[in-house]
Amino acid sequence: MRFLDLRFEVRHSARVTDLNDQAISPAGWRTGEPPGKMFLSCTILVTLMAFYLTSVPDPYSEALVFGFLAWCVILPTFVVKLVLAKPGGGSSAVPSLLVLVVFAVCLLGMASDLPYKARFALSESSLEAYARDIVANGAKNDCEMVGLYYVCGVHVGGAQPVAGGAQIMVTDPPIAQSRGFLWLPGGVQPPDDSGCETFRHLSGPWWSCKTWDGW
């Protein structure tokens, strides 16, 4: 009888120990997958799209809406996946710092207008040659890449001469044409026939041109 009592006590003690171990295990509820390569790829894609929408003289209104909605999904998801991730990560896990670095690059790039500055700097010589050709030969009637900007002269006001220079409107699919440049050498001020609702001086002979875009 005493032998049976000892066996019961040993089994009971073992079960209690197992239950206690499970109860105090700090990682027992962390069974999810950490942010992986696919998550990082999506974050980079969102950043590139944000840069695309802000690479014109006046950022598209869609940039703010897109950025707000995208990051409102990405950041909470990142935090939840990080908190629920099982210890040791998974085979596709990436350093959490990388996602935060991409987010910081996105914010700093947009705050410093870096996408526009880089795109314009790489396109300025082509834009100037294009503007001079417009002044010399009249409005364009086709679509083409001018530097890193896609310009369609087939649209009204897309690529045409104006008083004192030329107007070049950017056509960035799938956004409606509403942002562009005025090339006005010799210190000429933007004329009334440009069709621009707002404009501001950028540098040298270049002015920004923003038409009504419905926002």
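Numbering (this note's numbering), first residue to last: 1 to 215.
Quick reminder that beta carbons are idealized off the backbone N, C-alpha and C, glycines included.
Distance, Cα to Cα, residue i vs residue j?
{"i": "F3", "j": "P35", "result": "Legend: pLDDT at F3 = 41, less than 50; position of this residue unreliable, no value from coordinates given."}
{"i": "V99", "j": "T43", "result": "7 Å"}
{"i": "A85", "j": "Y60", "result": "37 Å"}
{"i": "F103", "j": "I74", "result": "10 Å"}
{"i": "A23", "j": "L53", "result": "A caution first: A23 carries a pLDDT of 44, below 50, which makes its placement in the model too unreliable to give a value."}
{"i": "G204", "j": "M38", "result": "43 Å"}
{"i": "F181", "j": "Q167", "result": "6 Å"}
{"i": "R179", "j": "T171", "result": "8 Å"}
{"i": "L148", "j": "V79", "result": "36 Å"}
{"i": "A83", "j": "S41", "result": "According to the sequence displayed, residue 83 carries Val and not Ala. Rounded to the nearest angstrom, the two C-alpha atoms are 20 Å apart."}
{"i": "F199", "j": "C72", "result": "32 Å"}
{"i": "D142", "j": "G165", "result": "19 Å"}
{"i": "L69", "j": "T77", "result": "13 Å"}
{"i": "Y130", "j": "Q189", "result": "20 Å"}
Would you call the CB atoms of residue i and residue j closer than 8 Å?
{"i": "E128", "j": "W183", "result": "yes"}
{"i": "M169", "j": "A159", "result": "yes"}
{"i": "K210", "j": "D58", "result": "yes"}
{"i": "A63", "j": "C106", "result": "no"}
{"i": "S194", "j": "Y116", "result": "no"}
{"i": "P161", "j": "A176", "result": "no"}
Among the options, which has the Cα closest to the Cα of residue i?
{"i": "P191", "options": "W207, F51, P174, D172", "result": "W207"}
{"i": "C152", "options": "F120, A163, I134", "result": "I134"}
{"i": "A163", "options": "G187, S126, S178, V154", "result": "G187"}
{"i": "M110", "options": "G165, V46, Q177", "result": "V46"}
{"i": "P174", "options": "V154, Y150, C196, E197", "result": "Y150"}
{"i": "P185", "options": "R132, S96, R119, A121", "result": "R132"}
Practice prompt. Pick out the complete alpha helix (DSSP H) segments inside the stretch 32–91, 4 residues or longer, and give them in chain order.
Written response: 37–53, 61–84
Uninterrupted alpha helix (DSSP H) stretches inside the stretch 97–171 (no shorter than 4 residues): 114–137
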